[in-house]
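Comments concern the structure below.
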Amino acid sequence: MFKTLTQLPNGKLRIAIASLLTLNAVLYALLDSLVAATDAFAWLALLFSFELETAGLPSSIQEKSLHKFRNALLIIIVLVTLAYLVMGDPLNFANSILWIGLIGLLEMEVRAPTTVENHSKLYWLASVLVFTGLISMVALSFWLGAVLDGFNNML
3 MFKTLTQLPN GKLRIAIASL LTLNAVLYAL LDSLVAATDA FAWLALLFSF ELETAGLPSS
63 IQEKSLHKFR NALLIIIVLV TLAYLVMGDP LNFANSILWI GLIGLLEMEV RAPTTVENHS
123 KLYWLASVLV FTGLISMVAL SFWLGAVLDG FNNML
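The following block contains the structure:
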């Protein structure tokens, strides 16, 4: 049965985060480049696809369709990440790589729990490295004066 965000655990927190991420994407669309706006909206759509899956898919949406949509978003995210590299934007490139790494870790935990369990120390180390990197990106963004990126990285 499909549940709304408020019916899920931490529903109000989920709505707050979704609202902030939506504001973040709109700010990028208004104040930054097309690449940055595409990046923000792709990650927002990816988050909503995970929320749909968590909430129990409505009968009108098939799981296979959701996975195709998610794969298309991941392709967009990888292309945007490469665009940051080509544009000479190492801060956003590194941030994107870290977030892609986090998605990989989360997907592995859900889709290959036995592998995670068999390699728990390596999985733990990879998680620590990714989260340390993401936290460092927040501080680095603000230190470099990239306020919008700092706000984005905090989310």
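Residue numbers (my numbering): 3 to 157.
Idealized CB from N, CA, C, for every residue including glycine.
If you drop the 5 nearest sequence neighbours on each side, which residues of the same chain put their C-beta closer than 8 Å to that of Thr40? Once the five neighbours on either side are set aside, the close Cβ partners of Thr40 are Ile78, Val82.
Would you mind stating whether Leu107 and Leu33 have Cβ atoms separated by less than 8 Å? No; because the gap between Cβ atoms is not below 8 Å, this pair is not in contact.
May I have the straight-line CA-CA distance separating Gly103 from Val132, to the nearest angstrom? Spanning the two alpha carbons is a distance of roughly 7 Å.
Note down the Cα distance separating Met139 from Val130, rounded to an integer number of angstroms. Rounded to whole angstroms, Met139 to Val130 spans 14 Å at the Cα level.
In angstroms, rounded to a whole number, what distance separates the CA positions of Phe144 and Glu65? Looking at the two C-alpha atoms, the distance is approximately 39 Å.
Among the residues of its own chain, which have a CB less than 7 Å from the CB of Ala85, if the five just before and after it don't count? A distance below 7 Å between beta-carbons, with the five flanking residues on each side excluded, links Ala85 to the following residues of its chain, in chain order: Val37.
Assuming His69 is part of the alpha helix (DSSP H), what are its boundary residues? Counting along the chain, the alpha helix (DSSP H) containing His69 begins and ends at 65 to 88.
If you follow the alpha helix (DSSP H) that Leu127 is part of, which residue opens it and which one closes it? Element bounds for Leu127: 122 to 145.
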